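Down below is the structure, laid out as structure tokens.
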């Protein structure tokens, strides 16, 4: 997996940067320190796990790393929903960043499905 033009690496890093900015906004402007730490951790962990998959030891390890990234992305969606429902972020802010997170989730789902089907074909 090339780091230079790989879609999932690019969009997960962009999402991580958005999470860092969101964290700064929440802590500095809204004085929110609990949910913001959770979303910072899960939102930046997505890309970290994807980067780890580059040097996976096996096909199964690659799928595992991507699956962990998907779990972190799903968790990030949860924290975003809580921040929105508790009115720490506006509808507009929520819709924008939630859509970006959904794009990462969808891309990861496709990658995992493709990797699993390739692994099943190679085992047959």
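Numbering (our numbering), first residue to last: 55 to 178.
Note that beta-carbon positions come from the ideal geometry of N, C-alpha and C, so glycine has one too.
It should be emphasised that the depicted structure is a prediction, and the values quoted were computed from it without experimental measurement.
Contact check, residue i vs residue j, beta carbons under 8 Å
i: residue 98; j: residue 70; result: yes
i: residue 142; j: residue 84; result: yes
i: residue 137; j: residue 89; result: yes
i: residue 96; j: residue 158; result: no
i: residue 153; j: residue 117; result: no
Exposure label - residue i; buried when at least 16 CB within 10 Å
i: residue 77; result: buried
i: residue 171; result: exposed
i: residue 155; result: buried
Anticipated Cβ contact below 8 Å, residue i with residue j, distance rounded
i: residue 134; j: residue 151; result: 6 Å
i: residue 62; j: residue 104; result: 6 Å
i: residue 100; j: residue 130; result: 7 Å
Best match in the options for proximity to residue i [C-alpha to C-alpha]
i: residue 161; options: 82, 175, 113 and 120; result: 120
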